[in-house]
Amino acid sequence: MARVLSQAVLAEIERARARYPRPQSAVLPALHAAQEEVGYLSPEALDDVAEALGLPVTEVASVATFYSMFFTEPVGRHKIRVCTNLSCYLNGCEEILDHLCRTLGVRPGETTADGRVLVEVAECLAACEEAPVLLADEDRHGHMTPAKVDALLRALDREPSATSPTGPAGDA
Amino acid sequence: MPEPLLTRYLGQPGREEIDAYLATGGYRALARALRERTPDEIVAMVEASGLRGRGGAGFPTGRKWKLTPKRDGETRYLVVNADEGEPGTFKDRTLIEGDPHQIIEGMVITAYANQVHQAYIYLRGEFFLGHRRLSRALAEAYARGYVGRNILGSGFDLEIVIHRGAGAYICGEETALLESLEGRRGFPRLKPPYYPAVRGLYDRPTVLNNAETMAHIPHIVALGPEAYKSYGPPILYSVSGHVTRPGVKELPIGTPLREIIFEHAGGPRAGRSVKAVFPGGSSSAILTAEHLDTPADFESLQKLGSMLGSSAIIVLDDTTCIPAVIRRTVEFYRDESCGKCTPCREGTVWLSQILDRILCGRGRREDLDLLDSIARNMTGTCFCPLGESVPPSLRASLRYFRDEYAHHIEAGACDVAGGPHR
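For the protein sequence lines, the chains are A and B, in the order given. For the first sequence, the working numbering begins at 218 and goes up steadily by one. For the second sequence, the working numbering begins at -15 and goes up steadily by one.
Rendered as structure tokens:
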């Protein structure tokens, strides 16, 4: 009996499972789906994924903790990932990251106190022609400047949440 | 200069949709392949084209296909590596976002040539836009009968599944990618015995190719190997860093670095000059302005102790502090090391600590030899190419820019970047 995942997500995991000859191959798609619903991979979410795929939860947790896009603790509803690799480094990513962190009052890897925005450094986002680049949730923003960071943060303010279907803070 | 083949329609609005692709002759190569060619004939055409894998290693694609055993009744797989993450490389993402059907058509032809009926494309987790476009394109291709059962009435079946990664550079390494596709941590496998061609996905023979490689296939089949070669043969250079017109440049392989950087990428900003270049991503040994007349091909760059790799050209101008750049690359490999083998896991940490010391003005005279010695000890001892990617640029930088390191140690400051390093 699932603990936190909805029937819709369990059905999605079932469909993912059918795409591979072995159920374990569906772990990554299942974890993506679970994280999208819950906001992060809570112990309950990992249990549900393990049960849905017939795997030990330790195996699922081991996979979840290997990949940087999976979170096993609560994080900001919006995720801003600033590329700090070579081409962005050569084109001023440090100024962008500093400005973002100062404006939000966080350090890289931290979420704002209100639980709204996580700031992370990212490795090369494969968009070096637009350096410096960042990902705000699912959208890539290139040729970043401090002014464009400010505009981006204002836009995030206007929409409560772009990626989490559970909506504003506290109701997940 | 020949017309571009792979990038000709990039940037046209709506290009990612199937009708736009069909309007310019899309999927005609597939139709001809299925109707007029045997699988072995396609393999022979690809071999004759001279195409070398575009993921970084440059292994001849036709030969790779021949190495995959084709025993009756044994399942084989096609896996396409779209986990693009080598710093400076963005050609695969550009193709996936800008012309996804070209890659799908290449995959179907490749599957037919290798008599494969199940294919996976491992797409980098951070490619959200690419995922949306590729998913939609794949659904269109299924709906129009270019993928799925009995493709174009030929009796050939192929299922294609998009598999999203979740943030791990190591999964671009082919055996780590297969581990990840099997639902595990992305730890690389030992070769031998785990050569993907013979023991790949689920221990079965697996054709594993890069996404750009797939985009070449329809053109080879449509034009024939000789006409295809007359286009260069073409290759996609990703040019970035300190240039005024960065981007994906489709050019004949072997175009000199100088021409790529100055004519096609606009050269450095006004008043600046080129100081150094990574010719093949941050895993390739760094070169200097003196090397700019080198043709950017496999052999010429190898002769210089560097490599073409994923053909990602990162340009550094004269305002760049080389030790700081090298530290950034070492930190990257340190953070992305999977931790499985000691030389990579420990070596990258030691190197970054020593570089930190040098850059914050507390370097010691013996540090330069120490850096070189650690890098030498990592060479050939790491489990997979990730750890092996660290020594080339570090060692080359110690050779070409030794004075700059020495100045940091002796003066405790940087003359180039103007100010202290963090």
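Beta carbons are placed, not taken as given, at the ideal position from N, Cα and C, and that holds for glycine.
For the alpha helix (DSSP H) that contains B:V30, what are its first and last residues?
If you number the second sequence from 1, residue 30 of chain B lands on position 46. Taken as a continuous stretch (DSSP letters only), the alpha helix (DSSP H) holding B:V30 covers P23 to S33.
If you reduce the DSSP assignment to three classes, tell me which class A:L342 lands in.
As a working mapping, residue 342 of chain A is identified with position 125 in the first sequence. Looking at A:L342 - three-state DSSP - the assignment turns out to be coil, as it is neither helix nor strand.
Verify whether the separation of the beta carbon atoms of B:H115 and B:I144 is less than 8 Å.
On the second sequence, position 131 is the one that residue 115 of chain B refers to. On the second sequence, position 160 is the one that residue 144 of chain B refers to. No, the Cβ-Cβ distance between B:H115 and B:I144 is not below 8 Å.
So with CB distances below 8 Å, who are the chain B contacts of A:Y306?
The count along the first sequence starts at 1 and reaches residue 306 of chain A at position 89. Under the 8 Å cutoff, chain B gives V309 and R312.
Would you list, in chain order, the members of the segment 268 to 295 of chain A that have their beta-carbon closer than 7 Å to a beta-carbon of chain B?
Answer in chain order: S279, V280, F283, Y284, S285, M286 and F287.
Compare the Cα-Cα distances from B:L79 to each of B:I270, B:L107 and B:D356 and report the closest residue.
Position 95 of the second sequence, counting from 1, holds the residue named residue 79 of chain B. When only C-alpha atoms are compared, the closest one is B:L107.
Would you say A:E223 lies against chain B (beta-carbon separation less than 8 Å)?
Position 6 of the first sequence, counting from 1, holds the residue named residue 223 of chain A. The amino acid occupying residue 223 of chain A in the given sequence is Ser; Glu does not appear at that position. Not closer than 8 Å to any Cβ of chain B, the Cβ of A:S223 fails to qualify, so no.
Which of helix, strand or coil does DSSP assign to A:E300?
Counted from its first residue, the first sequence places residue 300 of chain A at position 83. Checking the sequence shown, residue 300 of chain A turns out to be Cys, not Glu. A:C300 falls in the strand class under three-state DSSP.
Should B:S268 and B:G293 be called a contact, given that it needs their Cβ atoms to be closer than 8 Å?
Within the second sequence, numbered from 1, the residue matching residue 268 of chain B stands at position 284. Within the second sequence, numbered from 1, the residue matching residue 293 of chain B stands at position 309. Cβ distance < 8 Å, so B:S268 and B:G293 count as in contact.
Between A:H360 and chain B, is the shortest Cβ-Cβ distance under 8 Å, so that the two count as touching?
Here residue 360 of chain A corresponds to residue number 143 of the first sequence, with the count starting at 1. By this cut-off, A:H360 is not an interface position.
In chain B, what lies closer than 8 Å to A:R357 by C-beta?
Residue numbering aside, residue 357 of chain A sits at position 140 when the first sequence is read from its first letter. Simply F112 and L113.
Pull up the CB-CB distance for B:G250 and B:T228, whole angstroms please, since I reckon it's below 8 Å.
Within the second sequence, numbered from 1, the residue matching residue 250 of chain B stands at position 266. Within the second sequence, numbered from 1, the residue matching residue 228 of chain B stands at position 244. That belief holds up - the Cβ atoms of B:G250 and B:T228 are roughly 3 Å apart, short of 8 Å.
Taking the alpha-carbon positions, what's the A:V277 to A:L263 distance?
Your numbering for residue 277 of chain A matches position 60 in the first sequence. Your numbering for residue 263 of chain A matches position 46 in the first sequence. Using only the alpha carbons, I get a separation of about 7 Å.
Are the C-beta of B:I298 and some C-beta of chain D separated by less than 8 Å?
Of the protein chains in this structure, namely A and B, none is chain D.
What separation, rounded to the nearest whole angstrom, lies between the Cα atoms of B:K54 and A:E254?
The residue you call residue 54 of chain B lines up with position 70 of the second sequence. The residue you call residue 254 of chain A lines up with position 37 of the first sequence. Each residue's Cα considered, the two are about 43 Å apart.
How would you list, in chain order, the residues of chain A whose beta-carbon sits under 7 Å from the beta-carbon of B:S222?
Residue numbering aside, residue 222 of chain B sits at position 238 when the second sequence is read from its first letter. Going along chain A in sequence order, the residues near B:S222 (Cβ under 7 Å) are C345.
In angstroms with no decimal places, state the Cα-to-Cα distance between B:E25 and B:K48.
For the purposes of this step, residue 25 of chain B is taken as the residue at position 41 of the second sequence. For the purposes of this step, residue 48 of chain B is taken as the residue at position 64 of the second sequence. Distance between the alpha carbons of B:E25 and B:K48 is about 15 Å.
Quick one: what's got a C-beta closer than 8 Å to A:P382's C-beta in the same chain, skipping five residues either side?
Your numbering for residue 382 of chain A matches position 165 in the first sequence. Note that A:P382 has pLDDT 42, beneath the 50 cutoff, so the model's placement of it is unreliable and the number below is only indicative. Only E253 and E254 meet the Cβ criterion.
Note the first and the last residue of the continuous beta strand (DSSP E) segment covering B:K259.
The residue given as residue 259 of chain B occupies position 275 in the second sequence. Run containing B:K259: V258 to F262, per the beta strand (DSSP E) assignment.
Is it buried or exposed, B:M362, if we count other Cβ atoms within 10 angstroms and call 16 or more buried?
Along the second sequence, one-based indexing puts residue 362 of chain B at 378. Buried is the call here.
When you check each C-beta in the segment 259 to 270 of chain B against every C-beta of chain A, which residues fall closer than 8 Å?
Listed by position along the chain: F262 and S266.
From B:G216 to A:A225, what distance separates their C-alpha atoms?
Residue 216 of chain B sits at position 232 when you count from the first residue of the second sequence. Residue 225 of chain A sits at position 8 when you count from the first residue of the first sequence. In a straight line, the C-alpha of B:G216 is about 50 Å away from that of A:A225.
Quick check for students: name the residue ranges of the beta strand (DSSP E) that lie wholly in the segment 32 to 104 of chain B, counting only runs of 3 or more.
Runs of the beta strand (DSSP E) inside the segment 32 to 104 of chain B: 61 to 66.
Quick test of the definition: if touching needs 3 or more C-beta pairs under 8 Å, does the segment 278 to 293 of chain B touch the segment 354 to 372 of chain B?
The segment 278 to 293 of chain B is not in contact with the segment 354 to 372 of chain B.
When the cut-off is 8 Å and only beta carbons count, does A:P382 lie next to chain B?
Taking the first sequence and counting its residues from 1, the one referred to as residue 382 of chain A is at position 165. Legend: pLDDT at A:P382 = 42, less than 50; position of this residue unreliable, no value from coordinates given.
Below 9 Å on C-beta distance, what does B:S138 contact in chain A?
Taking the second sequence and counting its residues from 1, the one referred to as residue 138 of chain B is at position 154. By Cβ distance, chain A contributes nothing, its closest Cβ being about 23 Å from B:S138, past 9 Å.
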